[in-house]
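Numbering (our numbering), first residue to last: 211 to 484. We put the beta carbon where it would ideally sit given N, CA and C, even for glycine.
Below, the structure written as structure tokens:
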């Protein structure tokens with residue numbers, strides 16, 4: 211494993227919640243603190259299906275990486291906002307299909323980096339960068355020689371764009387997606403999904419809670435049409451955009467009346483035009 215860090219890497223702060231550690235708790239992990247568990251408790255009051263959604267999202271990540279490696283022939287993956295390593299990470303899924311597949315994880319959460327030092331140390335085809343995902347030029351420079359940027363890459367933005375606020379500059383999520391798409395070779399793929407809700411009270415309540423508990427390290431719960439805008443520079447794959455539970459499922463998804471009605475993980479796969 212290669213590990214790249216920058217001066218912006220922070221110490222682990224156990225006095226405020228972390229979205230990555232909250233996600234870990236929702237998946238049944240142990241890499242979290244009481245402040246994260248308390249934040250999850252408050253989050254579940256606003257959006258009771260959150261734990262179910264975290265698992266649905268993780269299942270989608272496994273399926274989409276497996277599909278990209280097996281069906282699309284992708285052997286390079288760039289995972290933005292990777293979160294804490296858990297069972298069946300991107301490199302594990304991809305390398306089961308393609309043993310030589312290379313995976314770069316990008317995350318600036320210090321606990322993610324600390325965990326990566328121990329869990330990925332013996333895997334020479336993984337790289338971990340302690341960068342803000344919006345520093346696209348730095349990421350490109352740091353991965354030169356590890357990734358072949360002249361060949362197709364799958365760039366993953368799975369359940370992470372809701373952590374980024376809307377801005378009027380190049381840090382805006384839509385601008386970030388456009389910039390990364392412009393760096394990738396034709397025929398590359400981008401996987402983009404985020405939490406959305408049709409209920410204004412859920413959007414506002416979750417956004418405010420997460421803004422408070424993470425002390426500003428949060429963006430916004432959006433609507434489906436806003437996620438569609440992220441795909442403007444891409445050719446959307448035939449499956450389209452959807453609740454990710456319906457994206458090439460391994461088994462029959464639950465009927466609509468048994469699904470969450472507070473929020474869902476919405477998105478899909480786009481291809482960089484040839």
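- Less than 8 Å separates the beta-carbon of residue 289 from that of residue 366.
- Scanning the segment 394 to 423 for uninterrupted beta strand (DSSP E) segments of 3 residues or longer gives 399 to 406, listed from N- to C-terminal end.
- With respect to residue 456, residue 463 sits close: the two C-beta atoms are nearer than 8 Å.
- Counting only the Cα atoms, residue 398 lies some 8 Å from residue 361.
- If you ignore the 5 residues before and after residue 246, its C-beta comes within less than 8 Å of the C-beta of 227, 228, 231, 232, 234, 235, all in its own chain and listed in chain order.
- In the structure shown, residue 476 adopts extended strand secondary structure according to DSSP, grouped into three states.
- Scanning the segment 325 to 389 for uninterrupted alpha helix (DSSP H) segments of 4 residues or longer gives 346 to 353, listed from N- to C-terminal end.
- For residue 312, the closest C-alpha among the options 338, 262, 479, 322 is that of 338.
- Straight-line measurement puts the Cα of residue 253 at about 10 Å from the Cα of residue 261.
- In this chain, the alpha helix (DSSP H) harbouring residue 270 covers 260 to 280.
- Remark: C-beta atoms of residue 421 and residue 270 do not approach each other more closely than 8 Å.
- Residue 250 and residue 453 have their alpha carbons spaced roughly 22 Å apart.
- Rounded to whole angstroms, residue 256 and residue 484 show a C-alpha spacing of 43 Å.
- Residue range 434 to 440 is occupied by the alpha helix (DSSP H) that includes residue 434.
- Judged by DSSP secondary structure, residue 288 falls within the beta strand (DSSP E) whose first and last residues are 286 to 290.
- For residue 407, the CB contacts under 6 Å within the same chain, skipping 5 residues up- and downstream, are 413, 431, 473 in chain order.
- As a beta-bridge residue in DSSP terms, residue 453 pairs with 476.
- Between the C-alpha atoms of residue 468 and residue 274 there is a straight-line separation of about 24 Å.
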